[in-house]
Amino acid sequence: MSVDQASLQDRCPTARDSTVLFQAIYSMSNRLLVRFGTSSWAYEGWRNQIYHRPYAASRFSKDSLAEYATYPTGGMPLFRTVGIDHSFYRPASATQLAHYASQVPADFHFCSKVWEELTVPVYADLPRYGTKAGKPNPRFLDSHLFREMVLQPFLEALPGHIGPFIFEFQRTGMDPAVFLDVLDRFLADLPAGVPYAVEIRNPAVLSPRYRDILLAHQVAHTYNHWTGMPPLLTQHRLLNERFTAPFVVMRLLTPLGLPYADAVDRYAPYNRIVTPQPQMRREAASLIHSASSQGVTPYVLVNNRSEGNAPLTIQAIVEMVTALPDSPALLPSPSRDSMI
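So the sequence shown is numbered by our numbering: it starts at 8 and just counts up by one.
Here's what the structure looks like:
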């Protein structure tokens with residue numbers, strides 16, 4: 008399809024498109040408290056789309072959040088959350104988080120990936136792990152380490168802005184039953200009143216026991232659209248179509264079956280929709296509608312590697328959700344939303 012033939016969701020919005028988008032967001036906000044955001048935010052391919060101010064290269068990732076959090080200018084913001092991905096490799100400092108907080112509105116939430124030091128049972132045999140490569144991780148699911156290194160800086164710097172902490176587990180090599188035993192003990196030892204989500208990359212873990220553990224601790228499953236995972240609604244069926252917390256997290260990461268490195272090569276520099284994923288969009292919209300109808304707040308994080316340009320993917324899903332029929336109980340109760 009040529010650029011001239013591209014549909015609204017496959018190109019950067021014009022002024023008229025932006026007006027339509029404002030109306031769609033406003034309409035949906037009256038029915039849903041969904042929080043849309045992207046996986047990280049500082050992409051050169053978004054200049055002249057999301058970003059119009061000049062930024063020095065050394066300051067772009069540090070100072071562009073203010074513009075991100077108020078896009079589109081003059082309307083209701085499209086992004087009410089964002090994923091902090093760099094915290095997977097090193098915990099964010101209180102100083103870093105305070106600078107982020109200074110740039111966003113009062114009701115903006117940060118979803119943070121949890122430091123991998125807590126989520127890998129064995130270090131991969133990669134150069135970045137140095138002498139630890141290939142060895143067991145003695146700090147796997149260490150709740151004290153989480154409190155000290157991950158949670159405390161957020162409590163100090165981001166009061167009122169804390170969204171779900173996402174514990175991402177790659178294929179661990181552990182037997183699913185053993186992994187679930189360890190996960191259960193870990194979740195039981197976490198501080199209460201903080202939103203947590205678990206992201207599984209091994210479909211064998213998606214079981215009634217996994218669902219029951221999350222439900223017992225009021226921890227959300229992260230519905231991830233990822234290379235080796237089943238489709239979003241299949242994940243929901245494997246959980247008996249039950250949400251396990253007062254909020255839910257969706258991460259739209261890559262097309263199913265496409266390795267991450269291939270997605271990077273296919274979609275860079277992330278300035279347009281390259282390959283739409285209609286099933287992913289439909290299933291995300293369905294989950295958003297289902298969660299909201301049950302008083303569950305959806306956090307929807309979209310990665311550029313899912314289709315090529317995360318903001319345009321979000322716009323397409325917004326338009327799809329607004330086209331769904333109204334449901335009798337779409338707004339979360341204040342008591343549930345207050346914990347988020």
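In this text, a Cβ means the ideal position worked out from N, Cα and C, and glycines have one as well.
Query	Result
Output the distance between the C-alpha atoms of LYS349 and PRO128, rounded to the nearest integer angstrom.	Because the chain is modelled from 8 through 347, residue 349 falls outside the range shown and cannot be assessed.
For HIS59, which of helix, strand or coil comes out of DSSP?	coil
Would a C-beta distance cut-off of 9 Å place ASN310 and SER46 closer than the cut-off?	yes
Using the Cα positions of TRP48 and ARG192, report the straight-line distance between them to the nearest angstrom.	34 Å
Quick check on the DSSP output: the alpha helix (DSSP H) that includes PRO160 runs from which residue to which?	159 to 164
Does the distance from the C-beta atom of PHE95 to that of GLU175 stay below 9 Å?	yes
How should GLN159 be labelled, buried or exposed, when 16 other C-beta atoms within 10 angstroms of its C-beta is the threshold for buried?	exposed
Beta-carbon within less than 7 Å of THR77's beta-carbon, same chain only, minus the 5 sequence neighbours each way: which residues are those?	PRO84
Does DSSP put ARG244 in a helix, a strand or coil?	helix
Report yes if the CB atom of PHE250 is closer than 9 Å to the CB atom of ALA199, and no otherwise.	no
Quick check on PRO134: buried or exposed, where buried means 16 or more other Cβ atoms within 10 Å of its Cβ?	exposed
Within the continuous beta strand (DSSP E) that includes PHE95, where are the two ends?	Run containing PHE95: none; DSSP gives neither H nor E here.
Pair every Cβ in the stretch 269 to 284 with every Cβ in the stretch 139 to 149, then say whether three or more of these pairs are closer than 8 Å.	no
Which residue comes first and which comes last in the beta strand (DSSP E) that contains GLU348?	Past the boundaries of the shown model lies residue 348; the chain is included only from 8 to 347, so the question cannot be answered.
Where do the ends of the alpha helix (DSSP H) carrying VAL328 lie?	317 to 329
I'd like the span of the alpha helix (DSSP H) that includes LEU222, first residue to last.	215 to 224
Could you tell me if ASN231 is buried or exposed, where buried requires 16 or more neighbouring beta carbons within 10 angstroms of its beta carbon?	buried
With which residues is ILE169 paired in a DSSP beta bridge?	PHE117
Using the three-state DSSP reduction, which class does GLU314 fall into: helix, strand or coil?	coil
Taking 8 Å as the cut-off, does the stretch 100 to 114 touch the stretch 304 to 320 (at least 3 CB pairs, one atom from each stretch)?	no
Look up THR179 in the DSSP assignment and say whether it is helix, strand or coil.	coil
Taking the straight line between their C-alpha atoms, what separation do you get for VAL201 and MET327?	31 Å
If you reduce the DSSP assignment to three classes, tell me which class LYS139 lands in.	helix
Could you check how far apart the C-beta atoms of ILE321 and VAL41 are, in whole angstroms? I think they sit under 8 Å.	So it is not a contact: roughly 10 Å between Cβ atoms.
Quick one: using the 10 Å Cβ neighbour count with 16 as the cut-off for buried, is VAL271 buried or exposed?	exposed
Run the CB neighbour count on ALA330, radius 10 Å, all protein chains shown included, and call it buried at 16 or more, exposed below.	exposed
Quick one: using the 10 Å Cβ neighbour count with 16 as the cut-off for buried, is SER65 buried or exposed?	exposed
Taking only the alpha-carbon atoms, compute the straight-line gap between ASN248 and TYR267 and give it to the nearest angstrom.	What sits at residue 248 in the sequence shown is Glu, not Asn. Cα to Cα, GLU248 sits roughly 28 Å from TYR267.
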